[in-house]
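Protein chains: 2
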Amino acid sequence: MTAQPAIRSRSGGRSTRRALRAAPDCRMLPGLTNALPLCEVMEDSQVERIDAASMDILENVGVQFRDPIAVQDWKRAGAKVDGEMVYLDRGLVRELIKTIPSDFTYHARDPQKNVRLGGRNAVFVPMTGAPFLRDLDDVRRNPMLDDLAMFHKLSHMMPALHSSAHHIVEPYDHPISQRHLRITYSSMKHSDKMFMGMTTSPKNAEDVMDMCAILFGEDFLEDHPVTTGNCNGNSPLVWDETMLGAMRAFCRRNQPVLCSPFVLGGANTPASVPATVAQLNAEALSALAYTQVIRKGAPAIYGHYLSTVSMKSGAPMAGTPEISLMNFMIGQMARHYGVPWRTSNTLGGAKTFDAQAGYESATTLSSVMHAGANYIWHSAGWNEAGMHCSVAKFIVDAEQCAMAYRMAEGPKWGDFDQAIAAVPDIGPGGHYLGHPHTQENFQSAFFMPELFDNNSIEQWAAEGKVEITERALKRARYLLGEYQEPTLDPAKDEALRDYIARREREIPAADELNQSF
Amino acid sequence: MTAQPAIRSRSGGRSTRRALRAAPDCRMLPGLTNALPLCEVMEDSQVERIDAASMDILENVGVQFRDPIAVQDWKRAGAKVDGEMVYLDRGLVRELIKTIPSDFTYHARDPQKNVRLGGRNAVFVPMTGAPFLRDLDDVRRNPMLDDLAMFHKLSHMMPALHSSAHHIVEPYDHPISQRHLRITYSSMKHSDKMFMGMTTSPKNAEDVMDMCAILFGEDFLEDHPVTTGNCNGNSPLVWDETMLGAMRAFCRRNQPVLCSPFVLGGANTPASVPATVAQLNAEALSALAYTQVIRKGAPAIYGHYLSTVSMKSGAPMAGTPEISLMNFMIGQMARHYGVPWRTSNTLGGAKTFDAQAGYESATTLSSVMHAGANYIWHSAGWNEAGMHCSVAKFIVDAEQCAMAYRMAEGPKWGDFDQAIAAVPDIGPGGHYLGHPHTQENFQSAFFMPELFDNNSIEQWAAEGKVEITERALKRARYLLGEYQEPTLDPAKDEALRDYIARREREIPAADELNQSF
Chain P
1231 MTAQPAIRSR SGGRSTRRAL RAAPDCRMLP GLTNALPLCE VMEDSQVERI
1281 DAASMDILEN VGVQFRDPIA VQDWKRAGAK VDGEMVYLDR GLVRELIKTI
1331 PSDFTYHARD PQKNVRLGGR NAVFVPMTGA PFLRDLDDVR RNPMLDDLAM
1381 FHKLSHMMPA LHSSAHHIVE PYDHPISQRH LRITYSSMKH SDKMFMGMTT
1431 SPKNAEDVMD MCAILFGEDF LEDHPVTTGN CNGNSPLVWD ETMLGAMRAF
1481 CRRNQPVLCS PFVLGGANTP ASVPATVAQL NAEALSALAY TQVIRKGAPA
1531 IYGHYLSTVS MKSGAPMAGT PEISLMNFMI GQMARHYGVP WRTSNTLGGA
1581 KTFDAQAGYE SATTLSSVMH AGANYIWHSA GWNEAGMHCS VAKFIVDAEQ
1631 CAMAYRMAEG PKWGDFDQAI AAVPDIGPGG HYLGHPHTQE NFQSAFFMPE
1681 LFDNNSIEQW AAEGKVEITE RALKRARYLL GEYQEPTLDP AKDEALRDYI
1731 ARREREIPAA DELNQSF
Chain D
1231 MTAQPAIRSR SGGRSTRRAL RAAPDCRMLP GLTNALPLCE VMEDSQVERI
1281 DAASMDILEN VGVQFRDPIA VQDWKRAGAK VDGEMVYLDR GLVRELIKTI
1331 PSDFTYHARD PQKNVRLGGR NAVFVPMTGA PFLRDLDDVR RNPMLDDLAM
1381 FHKLSHMMPA LHSSAHHIVE PYDHPISQRH LRITYSSMKH SDKMFMGMTT
1431 SPKNAEDVMD MCAILFGEDF LEDHPVTTGN CNGNSPLVWD ETMLGAMRAF
1481 CRRNQPVLCS PFVLGGANTP ASVPATVAQL NAEALSALAY TQVIRKGAPA
1531 IYGHYLSTVS MKSGAPMAGT PEISLMNFMI GQMARHYGVP WRTSNTLGGA
1581 KTFDAQAGYE SATTLSSVMH AGANYIWHSA GWNEAGMHCS VAKFIVDAEQ
1631 CAMAYRMAEG PKWGDFDQAI AAVPDIGPGG HYLGHPHTQE NFQSAFFMPE
1681 LFDNNSIEQW AAEGKVEITE RALKRARYLL GEYQEPTLDP AKDEALRDYI
1731 ARREREIPAA DELNQSF
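In order, the protein sequence lines correspond to chains P and D. If you count by my numbering, then the first sequence holds residues 1231 to 1747, one letter each, in order. If you count by my numbering, then the second sequence holds residues 1231 to 1747, one letter each, in order.
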């Protein structure tokens, strides 16, 4: 929202600032370069200990690949295989993962919106996969394609979001078997930022690749990451056919996948933070290694979905101290292997956008910044443990990401001498509001959140006692009113539509419309 | 609430756990030893640059001490003085501050609740100074002495709070001139944790010192810090008579004060993060140095109240990226000088306990943990920029502190080998809930917040759609029902009451009852 770099780069006159206020500044912030010293809670010997425990698991416990093609691939790659069980020698794992690029550039439809990933370079990506939304009236209901389009538009307009993702919400008004086509088209059409690719089946993943080839050119794909697939593991230590098939579709076209063990700490891992990380690490390594069996040198991302589980209800929790600690540790492991890594960001377990959601989301956001995550997924909208995407929360989370972005840039020293020269100008007991340095610099010096109300209670009451949910929904409506669709080459648009029409004729829709969840 | 150390130290049987659940576990967590690598955003040369700029300010711009005694003290100490303006040579400043202890132990009425401060040792202290409260029915109104007692009881019961502070809320049903006596007594009586001492005037501070002498013994005070006074500066670069007089009362009795510049970034400092830190640092140093003029070797704490200002309304903001950055930097400066430091914690600017309050509070809490703050003040209840203390937020914030405490302890490696041994036991595709290691360890392995609801929406709806405010208020009522007053030696109690009665006869109450704010 308050995209300070834009304001900084323009002249400081009052009329300019008034003009800027008139239209929302939706220019995307460049990909983040995290300048913070990272929170590394393990000594080198502890990193080695996790590594050794993970390698022991891979060698001796083994990983189940429930997929005949993967089993055959592993045999050819020299792993010990017994039925679906694959035992990976640590030498083989290390040999394989060393060809994963430590960083790469994502290419967006608008090349100005390309972003780097890996090392200190990071991106914020909205949440995905919600079977419900809380809409512009904060009503919880099943989402439709129009709702998905709305979220893609908002993703396009929020400066700190670097991607329009894919199925932010699950569109119920279209058959499941064909949904991936419409979802991909909506991501591509409503934003020119990068986007994610559906991995709901190997064939669906192929469709996504074909659509990317239409948008960017088949040859371009060969050398340029343009999208991201997510492949969840079934912890403990299982990868299934759907995910592995989708992984192959992406890797063969040289497109990166997130290798994401799905960890509910204490339920599908041991009741220990370091042991959970060791198991998760083994799982991630097994998939990362497999990406290189599929295609040596293909980009791949160390992933995870990570929660701890309430022993009262079995439900995943958010914002707990162990999630923060595990993020710090996983960051260290990924850097140890020299692979970019993904985490989950502003997760909330609250049913409404109440203070619980705020605490959970801010705690997670802060931790993933200090952990030095690269692909910062689920960065806007997630509440109710991912069961719904909230429009209000989406807007606030995205602004929080802009604030975290600012923090991660570190202190700005450029005008230190001029700023400090104001101190003798003002002297003891004065105030700085009228000083020329203040007038020139306050907007870039101090972030002013749009969605937080800092007025007095009297003023707040006079304005109708509006809490943050309502303020954010008002902002969302305003933004959608200002939305301008980025131009898409009409020939590519037509080719995409033709592709979808053809595939929808080929894919049986059946009557599965209402069987989605 | 979920004070895991207690659970860990007992046997792991189910009946034991059931019994533990029956009564709230209110045992105080030991003083925190922060094991996180700290977020140090400045290189050594930048620390030197801030130091040099601050010393230039002290030498050339000067600090105004609006207090004849302080001016005389400074003359005797060798400073250049011109009217109320004091110019401090950097050599003098360095010489003076080097006698401030880098850490010390606070002594509580219950010696089991003594806590260390300085270096890696930190404490959580509730908010203070609210002219309003949101009460057990979430109604915003003026507080009374009974409300203050309620907050002192809750402070006593929340495991992560290490202090009962002082005027958490401002009791309106007692004359201002005598209030400090009743406030101090309430802190002392309702909790046996350490507490803060009022600094509303030099004479009031003397009364607090006298009451501490009654409680602990005059001689004991000489060698043992038992309370904390706060002395706010008037930024830029002014200290007033009230604060300096109170500072003298504390320092003479060897009791620590917080030397707290009151910074509204951009309004009473330059519009620059590093320049704001340089000015704040100069201000803090001038007061820290003065504590050593008063009494060489007296404990003192590098303080600050720190906000950035909304240029729309002039109001202080909370949870902004610059507040986080300045906390990181101030932590570095305080460690550079080898002095313990104070920060402000879960500040909220929201008018209600909504998601804004959650984001703001969690962002600040996370930042002060990564900054390595020692005296972590305003750790529970603060909302509406400090205008009210919310009972609901008090309970949730205190639990958040317990969660941050757990994070700051770092990963626990003690049972790593046993935990990792569970992985082959369970194998691919299994679950860990029934494993003996899980049964034994889940409570200590993963924090389970009491105040967060992680149930399904169906269960949540069946239970009445209770949001966090209502849950927290219910918890507060429950805790207050279980409250047990810690025994106070009847002779000391009588002596304290006699002292108050005598002073209330001596101090004119006038009719200032309703003129308090």
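Glycine included, every Cβ here is placed at the ideal spot set by N, Cα and C. Just so you know, these numbers come straight off a predicted model, no measurement behind them.
Any beta-carbon of chain D closer than 7 Å to the one on residue i?
i, result
"K1581(P)", "yes"
"S1537(P)", "no"
"R1735(P)", "no"
"L1302(P)", "It is worth fixing the name first, because residue 1302(P) is Gln in this sequence and not Leu. False, the Cβ-Cβ gap to chain D never drops below 7 Å."
"L1318(P)", "no"
"R1636(P)", "yes"
"N1462(P)", "no"
"S1540(P)", "yes"
"A1476(P)", "no"
"R1732(P)", "no"
Between residue i and chain P, is the shortest Cβ-Cβ distance under 7 Å, so that the two count as touching?
i, result
"P1738(D)", "no"
"S1543(D)", "yes"
"R1705(D)", "no"
"H1600(D)", "yes"
"M1633(D)", "yes"
"N1575(D)", "no"
"C1489(D)", "no"
"A1652(D)", "yes"
"I1237(D)", "Per-residue confidence for I1237(D) stands at a pLDDT of 34, beneath the threshold of 50, marking its modelled position as unreliable; the derived number appears in the next sentence. For I1237(D), the answer is no, since every Cβ of chain P falls outside 7 Å of its Cβ."
"F1672(D)", "yes"
"Y1589(D)", "yes"
"G1664(D)", "no"
"L1555(D)", "yes"
"E1448(D)", "no"
"A1283(D)", "yes"
"R1247(D)", "Reliability of the predicted coordinates at R1247(D) is poor, the pLDDT of 49 falling under 50, and the value obtained from them is presented with this limitation in mind. Output row for R1247(D): interface = no."
"D1255(D)", "no"
"A1530(D)", "no"
What do you reckon, are the CB atoms on residue i and residue j nearer than 7 Å?
i, j, result
"P1356(P)", "S1609(P)", "yes"
"A1587(D)", "N1613(D)", "yes"
"L1347(D)", "A1519(D)", "no"
"H1392(P)", "F1354(P)", "yes"
"S1554(P)", "M1637(D)", "yes"
"L1474(D)", "A1721(D)", "no"
"G1578(P)", "S1596(P)", "no"
Is residue i helix, strand or coil when you go by DSSP?
i, result
"R1525(P)", "coil"
"I1737(D)", "coil"
"D1255(P)", "coil"
"Q1234(P)", "Annotation note: pLDDT 38 at Q1234(P) (below 50); position unreliable, no value reported."
"S1537(D)", "strand"
"T1506(D)", "helix"
"D1470(P)", "strand"
"C1269(P)", "coil"
Can you tell me the Cβ-Cβ gap for residue i and residue j, rounded? I've got them flagged as a contact below 8 Å.
i, j, result
"K1581(D)", "W1571(P)", "About 39 Å; that fails the 8 Å criterion."
"S1502(P)", "N1671(D)", "7 Å"
"G1447(P)", "F1492(P)", "Wrong, their Cβ atoms sit about 34 Å apart, outside the cutoff."
"I1444(D)", "A1731(D)", "Not really, about 13 Å apart at Cβ, beyond 8 Å."
"I1531(P)", "C1489(P)", "7 Å"
Under 7 Å, Cβ to Cβ, is there at least one residue of chain C near residue i?
i, result
"V1271(D)", "Judged by its chain identifiers, the structure shown contains no chain C, and its protein chains are P and D."
Threshold first: 3 residues or longer. Then list the beta strand (DSSP E) segments lying entirely within the segment 1568-1653 of chain D, N to C. 1572-1574, 1605-1607 and 1618-1620
Which residue spans inside the segment 1644-1721 of chain P form an unbroken beta strand (DSSP E) run of at least 3? none
Entirely enclosed alpha helix (DSSP H) segments - the segment 1292-1324 of chain D, minimum 4 residues: 1298-1307
Could you name each continuous beta strand (DSSP E) segment of 3 residues or more that falls completely within the segment 1331-1411 of chain D, going from the start of the chain to the end? 1334-1336, 1345-1347, 1351-1354 and 1362-1364
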